[in-house]
Amino acid sequence: MYMNYMRVKEYAGAKDCLHRYFDKMAEAGPQSGSEDYNMCFRYASLNMASLYARFGHREMALHSVREAVRSAQEVNDKACLHHALVWLEHLAESSNAHGVTSSHGLPDPSLNCTVVNTLKYTPPTELPYKVFSELAKALSHRTKYLPSSLQGSLRLASNVSQMTLCSSLWAYYGRRHMSSLVSSNVINATSSHTSKGHCAEPECLALCVLSNHYFDQGDYQSSESILSIARQSFARPYPLSEVWNKVEQCQLADRAFYHADTQAMSLACENLLSLDPLEANLRRVRLYCIQNHHQRALDAVKQILSADELKAQSYASLELLARSMIELINIYCELEDYSSATKYVVDCIQITSSNHLSYQHALCQLYAAHIQLMSNNAEEGFNIIREYLPFFLINGSCLDKGRAQLLYTKCRIARVKSQTEDVMQEVITEGLKLLEKARSNFEHCEAFIYLKDVLTYMALLCNMVGKRELRNQYAYQHKQIELKLSVNSSHTQFSYTI
Numbered sequence: 125m126y127m128n129y130m131r132v133k134e135y136a137g138a139k140d141c142l143h144r145y146f147d148k149m150a151e152a153g154p155q156s157g158s159e160d161y162n163m164c165f166r167y168a169s170l171n172m173a174s175l176y177a178r179f180g181h182r183e184m185a186l187h188s189v190r191e192a193v194r195s196a197q198e199v200n201d202k203a204c205l206h207h208a209l210v211w212l213e214h215l216a217e218s219s220n221a222h223g224v225t226s227s228h229g230l231p232d233p234s235l236n237c238t239v240v241n242t243l244k245y246t247p248p249t250e251l252p253y254k255v256f257s258e259l260a261k262a263l264s265h266r267t268k269y270l271p272s273s274l275q276g277s278l279r280l281a282s283n284v285s286q287m288t289l290c291s292s293l294w295a296y297y298g299r300r301h302m303s304s305l306v307s308s309n310v311i312n313a314t315s316s317h318t319s320k321g322h323c324a325e326p327e328c329l330a331l332c333v334l335s336n337h338y339f340d341q342g343d344y345q346s347s348e349s350i351l352s353i354a355r356q357s358f359a360r361p362y363p364l365s366e367v368w369n370k371v372e373q374c375q376l377a378d379r380a381f382y383h384a385d386t387q388a389m390s391l392a393c394e395n396l397l398s399l400d401p402l403e404a405n406l407r408r409v410r411l412y413c414i415q416n417h418h419q420r421a422l423d424a425v426k427q428i429l430s431a432d433e434l435k436a437q438s439y440a441s442l443e444l445l446a447r448s449m450i451e452l453i454n455i456y457c458e459l460e461d462y463s464s465a466t467k468y469v470v471d472c473i474q475i476t477s478s479n480h481l482s483y484q485h486a487l488c489q490l491y492a493a494h495i496q497l498m499s500n501n502a503e504e505g506f507n508i509i510r511e512y513l514p515f516f517l518i519n520g521s522c523l524d525k526g527r528a529q530l531l532y533t534k535c536r537i538a539r540v541k542s543q544t545e546d547v548m549q550e551v552i553t554e555g556l557k558l559l560e561k562a563r564s565n566f567e568h569c570e571a572f573i574y575l576k577d578v579l580t581y582m583a584l585l586c587n588m589v590g591k592r593e594l595r596n597q598y599a600y601q602h603k604q605i606e607l608k609l610s611v612n613s614s615h616t617q618f619s620y621t622i
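Residue numbers (our numbering): 125 to 622.
Printed below as a string of structure tokens:
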């Protein structure tokens, strides 16, 4: 009954069950042995701490954990101490100072303290290989000192919790494919084990990572299928339902943005607001952009940058800070205020490079190349995008692959404008082949708001080389895309970005 009350967040019922448990144990007295009798009290104290912590009563939770620690130390109960120390770490004020995973609820009690502490003492500025090295040491330490009583499902939960942390680190470092592979291992480990009660959070997070991976690659059917598994396994009012619900609303907002469907995007942002206000406001910035409300977009993104959550030097806050600055750069590029955009590009490059945010760093370089192109310095822009194009082809989403390919073609053609007509025609012909790949990427992820712009550019290039039949074909397709869009805006976010 206690676990059921906790699942539905019924504080009064859960607390009453624990109190009745204490009373029953006190009335029964020691039967099979005093050790078993006292052990029940120690774990009851830990459950009481879990109850208080989940409902925000941190001081009372700490008191219950310390009580369990004292009881465990008296009889040298290593298993109970193992659980209690993790709870103390989680409840400490400095806990998760450099956390990566978004913790929806408390961590699994099977996590070893050395694993929980690993990122606390490895700040984001640390080299990635050192962070993973510390995780490997934590795994070795846990295997060596894990109490013998923590076997079976608890050992599995400890392993998959660390794999989930590794998946988050790979995503943070911009290696999304590696993140999805590790998440697949988590799903494989949990699905092949009969007892999965302790692996609920890692499994839910892994499902969401895989769903986002397929979403980024434009495979929306697979993404929805995976998300439906999480929806069925962790249905409301299960606390973990907030995890997949947030992912679902983010995906709905992004797809609405691709279609320039302002009504659907606004609805998704409203639904996301109660789950993650910063993510909701970040997507509202895009909404204001496609509505050409630039001042509202500027005010919204500056409000995000001033949020207290972004002032903490944590993995999650630094990533959100970089994404917010990228959106701000977008707005200034649309307003053709390249001096302001350059200032934030330089700041963002410094933040992303020092904290190893590879994906956001590559996106900043994309904007740097675009600014160089618009400043009639196509040669420098081409050198920048040529360096980062392979990164997007390996690690990028379908959308970002297309954006990088389009910008590469623009810079390459712009740098040969002063050369002979034969050279120009040869470069344009080769550029059209790459633009076909960019177009294919946009079509695959149904990014119509971006597809419209690449078709316009392809029609322009065909006109320059005298391919009028192909030009008319692209122009017709452009018109068809405009009819699909719910907002017929000739000045979209992608138009000024690349």
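C-beta atoms are modelled at their ideal positions from N, C-alpha and C, and glycine is treated no differently.
Check	Outcome
Is the beta carbon of H143 less than 9 Å from the beta carbon of Y297?	no
CB S303 to CB A313, shorter than 9 Å?	no
Under three-state DSSP, which class holds F179?	coil
Using 8 Å for Cβ pairs, my map puts R166 next to S195. What's the rounded Cβ distance?	5 Å
For A424 and Y412, I'd like the C-alpha separation in whole angstroms.	9 Å
Is the Cβ-Cβ distance between Q489 and I509 less than 9 Å?	yes
Beta-carbon within less than 8 Å of L205's beta-carbon, same chain only, minus the 5 sequence neighbours each way: which residues are those?	V193, A196, Q197
Compare the Cα-Cα distances from P326 to each of D340, I311, A359 and report the closest residue.	I311
Smallest Cα separation from K541: which of N565, N500, N519?	N500
Is P252 closer than 9 Å to L442 when the C-beta atoms are compared?	no
Find out if the Cβ-Cβ distance for the pair A404, L396 is shorter than 9 Å.	yes
Applying the 10 Å Cβ sphere with the 16-neighbour rule, what's the burial state of K435?	exposed
Taking 6 Å as the limit between beta carbons, can you name the residues of its chain near S307, skipping five residues before and five after?	S291, A330, V333, L334
Compare the C-beta of S349 with all C-beta atoms of chain B and state if any pair is closer than 9 Å.	Reference to chain B is not applicable here, since this structure consists of a single protein chain.
Restricting to runs no shorter than 4 residues, where is the alpha helix (DSSP H) found entirely within the region 481 to 548?	482 to 498, 502 to 519, 522 to 538
With 16 other CB atoms within 10 Å as the buried threshold, where does M125 fall?	exposed
Take the Cβ of M588 as the centre, count every other Cβ of all protein chains shown within 10 Å, and call the residue buried at 16 or more, exposed below.	exposed
Nearest-angstrom Cα distance between S359 and S315?	For the sequence presented, residue 359 should be read as Ala rather than Ser. Computed Cα separation, rounded: 18 Å.
Is the region 560 to 580 touching the region 528 to 540 in the sense that three or more CB pairs, one from each, lie closer than 8 Å?	yes
Under the rule that 16 or more other beta-carbon atoms within 10 Å means buried, what is A377, buried or exposed?	buried
T476 and A431: beta carbons closer than 9 Å?	no
Please report the straight-line C-alpha distance between A211 and S448, rounded to a whole angstrom.	The question names Ala, but residue 211 in the sequence shown is Trp. In a straight line, the C-alpha of W211 is about 33 Å away from that of S448.
Is DSSP giving D385 helix, strand or coil here?	coil
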